[in-house]
Every structure is written in C-alpha cells, then in structure tokens.
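> Have a look at this one before I ask anything.
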Amino acid sequence: MARVLLTGATSFTGVWIARALADAGHEVIAPLKRVESDYEGLRRDRMDRLKSVARVAFDAPFGSPAFLDLLKTARPDVFAHHAADIPGYRNADYDVAAGVTRNLTGAGVVFEAAATAGVHGVIATGTGFEDAAEGGLAVSPYGLSKKLTNDGFRHLALWRGLAFGRFMINGPFGPLEEGRLVWSLFQAWFAGKAGVVRTPAYVRDNIPVLLLGRAYAGLVAEMLADPKLDRVCRPAGYVSTQGEFAQRVAREASARLGRDCPLDCLEQTAFPEPRVVANDEPTLDTPWNEAGFWDAYVDYYREVERRGLLGGAA
Numbered sequence: 001m002a003r004v005l006l007t008g009a010t011s012f013t014g015v016w017i018a019r020a021l022a023d024a025g026h027e028v029i030a031p032l033k034r035v036e037s038d039y040e041g042l043r044r045d046r047m048d049r050l051k052s053v054a055r056v057a058f059d060a061p062f063g064s065p066a067f068l069d070l071l072k073t074a075r076p077d078v079f080a081h082h083a084a085d086i087p088g089y090r091n092a093d094y095d096v097a098a099g100v101t102r103n104l105t106g107a108g109v110v111f112e113a114a115a116t117a118g119v120h121g122v123i124a125t126g127t128g129f130e131d132a133a134e135g136g137l138a139v140s141p142y143g144l145s146k147k148l149t150n151d152g153f154r155h156l157a158l159w160r161g162l163a164f165g166r167f168m169i170n171g172p173f174g175p176l177e178e179g180r181l182v183w184s185l186f187q188a189w190f191a192g193k194a195g196v197v198r199t200p201a202y203v204r205d206n207i208p209v210l211l212l213g214r215a216y217a218g219l220v221a222e223m224l225a226d227p228k229l230d231r232v233c234r235p236a237g238y239v240s241t242q243g244e245f246a247q248r249v250a251r252e253a254s255a256r257l258g259r260d261c262p263l264d265c266l267e268q269t270a271f272p273e274p275r276v277v278a279n280d281e282p283t284l285d286t287p288w289n290e291a292g293f294w295d296a297y298v299d300y301y302r303e304v305e306r307r308g309l310l311g312g313a314a
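All the letters of the sequence shown, read from the start, carry residue numbers 1 to 314 under the UniProt record's numbering.
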C-alpha cells in the first residue's frame with residue numbers, strides 16, 4: 001500500500017510497529033544506527049525479528065549521509081521517526097537543552113530531504129510525560145525535552161507542507177521487552193519470591209504492544225488519507241493502578257506457569273509524579289486475541305529465563 005521509513009525499529013516498541021505496518025500491507029524500510037555485529041542478546045532477537053518484516057539498512061543513523069541517501073532513493077510515503085537519543089532520561093538532572101539539541105540536530109536537513117523525496121507526512125513518537133502534569137506541564141526534564149523536540153519536529157514538517165502526527169506512548173508491554181516492571185516481577189517469580197510493586201497507587205496506562213503497533217499503523221492510514229493531518233494520537237490500554245495491573249499479570253502468569261505468582265504491593269506515601277498518566281483513545285475494544293497475547297507474553301519470559309537472560313536490571 002505505502003512505503004514507510006521507520007527509525008528506532010530495533011527498540012521493543014519499534015519492532016512491533018514495524019510488524020504492524022507490514023501486516024497492514026506496507027513496505028517498511030528501517031535505517032539502523034549501528035552495524036550488524038553490535039546487536040547481541042535480546043537486542044539481536046529484536047533485530048532478527050525486524051529483518052523478517054522490513055528492509056534493514058545498517059550504519060545509517062539519523063541525519064547521516066547514508067540516511068539521507070536512503071531517504072532519497074527509497075522515496076517513502078511516510079517518515080516514521082521513532083528513534084530518540086535519550087541517555088540518562090530518568091535522571092532528575094537530565095539536561096533539557098542538550099537533549100533537544102541532540103535530537104533536533106540535522107532535523108531541518110532531513111525534513112527538507114523528506115519533502116524533496118515526496119514524503120507525505122511525518123510521525124514523531126512522544127510520551128505521556130510530556131504534558132501529564134497539572135496545567136499540561138511536563139512531568140520531568142526528560143518530558144520537557146521530548147515536548148520541545150516534538151514541537152520542533154511539528155514546525156519543521158508543517159513549514160514544508162507535510163502532514164504531522166505525534167504518537168504518544170505510555171506503558172507498552174509484551175514479548176521482546178526488557179527491564180520493565182513486569183521484567184522485575186518475573187525475575188522474582190522464577191526465583192521463588194514475591195514480585196515487589198513499589199508504586200501501586202499510581203494510575204498508569206499499560207498497553208499491549210500488539211495493540212500499540214496496530215494503533216500506529218492506523219495513524220499511518222489516517223496520514224495517507226489526509227495530506228493536511230496534524231494531530232496527536234493517544235492509544236490507551238489497561239488503565240488502572242499499578243497494583244491492579246500487577247495483579248492482572250500475576251493471574252495470567254500463574255495460570256500459564258502452573259505456580260503461584262505472589263505480589264508484595266508496598267504502601268505508597270510519596271507521589272513525586274502525577275497520580276494519573278493515561279491516554280484516552282481505547283484500543284482494547286478492537287478485535288484481538290487477548291488470551292493468545294498473554295500466552296505469547298508468558299512464553300517469552302519462560303524462554304528468557306531458560307536462556308539465562310533474565311538476570312539483567314529491571
């Protein structure tokens with residue numbers, strides 16, 4: 001149907017976005033920052049999955065001559081910019097200005113090349129932490145950096161007559177993830193311990209990554225149909241407290257592993273982040289195989305444990 005140039009495609013969410021785009025009939029072209037030999041462990045698994053659904057170009061980071069040449073020759077219909085350079089994004093002293101500079105450097109040249117190559121529109125990835133605080137403020141320095149970066153991308157796109165979409169991601173989960181809340185729960189359960197939930201009172205939006213990918217493909221379809229599109233897409237999954245979400249995971253895991261999956265939800269007294277961070281465009285009511293998703297999710301952790309890869313930090 002269309003040709004999509006997708007950056008950040010070896011990330012957890014990137015692989016699933018690539019798969020959803022391919023399932024929708026699109027040709028996916030994925031420029032990668034690194035050479036192939038740099039990919040190991042679970043990152044290698046994701047890269048191998050990506051190669052099954054996309055045409056991969058190694059050693060072509062955003063804005064590089066190789067990237068610009070690919071953009072020129074591939075002539076994509078949509079530029080899906082899912083990659084970001086965000087080292088230390090969880091740190092309270094995250095450098096907002098440096099983050100914006102890193103991610104906008106070269107963007108003007110890229111967007112001009114995209115327009116010249118016939119691109120219809122650009123999709124940038126955002127996070128709910130860009131505007132979830134009271135008054136629509138960013139939650140953290142990282143959130144502010146993302147907000148300013150995406151505002152810059154929007155200007156660069158609209159100035160050139162390109163459609164623009166901002167795809168907001170909150171709490172994706174599913175096979176191929178690593179180092180997240182559920183990762184820590186399975187670490188504990190396979191060790192015969194209770195999984196610990198340190199912030200059970202926060203209301204968060206945990207979305208099955210399968211549905212996240214489909215929502216992204218839906219935004220691409222909107223963009224192809226409307227050359228003047230300018231909107232924010234906020235796909236939502238299971239919106240609940242983190243304690244309730246952990247209980248859901250425990251029930252699904254216990255039923256499939258045939259063992260107890262206990263939880264220790266600590267009393268939460270500090271709330272440095274907004275109590276509620278959630279998107280508002282439901283995805284759970286779309287047709288999908290929920291039981292099959294959970295089967296694959298638990299099987300993934302079973303396999304990660306078998307390979308001895310579950311010991312990494314959550």
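C-beta: ideal position from N, C-alpha, C; glycine also.
Given a cut-off of 7 angstroms, decide if I123 and A80 are closer than it, judged by their beta-carbon atoms.
Contact: yes.
> Determine the contact status of R160 and N150, defining contact as a CB-CB distance below 7 angstroms.
no
> Assuming L50 contacts A9 (C-beta within less than 8 angstroms), just tell me the rounded distance between them.
5 angstroms
> Taking 8 angstroms as the threshold, find out whether the segment 136-146 comes into contact with the segment 178-186 through three or more Cβ pairs.
Contact between the segment 136-146 and the segment 178-186 is absent, because fewer than three Cβ pairs lie under 8 angstroms.
> Tell me whether the beta-carbon of A163 lies closer than 7 angstroms to the beta-carbon of L219.
no
> According to the neighbour-count rule (16 or more other Cβ atoms, all chains shown, within 10 Å of its Cβ), is G308 buried or exposed?
Sixteen is the threshold: since fewer than 16 other Cβ atoms of the shown chains lie within 10 Å of the Cβ of G308, the residue is exposed.
> Out of A270, G41, A132, T116, which one is the CA nearest neighbour of D205?
A132
> So what does DSSP say about H155, is it helix, strand or coil?
helix
> Going by the beta-carbon positions, is the gap between W189 and C265 smaller than 7 angstroms?
no
> What separation, rounded to the nearest whole angstrom, lies between the Cα atoms of C233 and F245?
23 angstroms
> Give me the DSSP bridge partner(s) of F79.
L5, V122
> For M168, count neighbouring Cβ atoms within 10 angstroms of its own Cβ and tell me buried if that reaches 16, exposed if not.
buried
> Who are the near neighbours of A18 in its chain, counting only those whose CB is closer than 7 angstroms to its CB and skipping five residues on each side?
L6, A9, V28, A30, L50, V53, A54
> Out of W294, R256, Y216, point me to the one whose CA is closest to V15's CA.
Y216
> According to the Cβ coordinates, are A236 and E281 closer than 7 angstroms?
yes
> Figure out for me which residue from G128, R248, L211, F186 has the closest Cα to the Cα of E273.
G128
> So, helix, strand or coil for N150, using DSSP?
helix
> Between which two residues does the alpha helix (DSSP H) harbouring N91 extend?
That residue, N91, is in no alpha helix (DSSP H); it is neither H nor E in DSSP.
> Using the DSSP secondary-structure output, state which residues sit across from N103 in a beta bridge.
Paired residues: none, contrary to the question.
> F293 and P208: beta carbons closer than 7 angstroms?
yes
> According to DSSP, is S64 part of a helix, a strand, or is it coil?
coil
> Straight-line CA distance for Q187 to M223?
Rounded to whole angstroms, the separation of the alpha carbons of M223 and Q187 is 41 angstroms.
> Measuring only the C-alpha atoms, how far is P76 from E134?
39 angstroms
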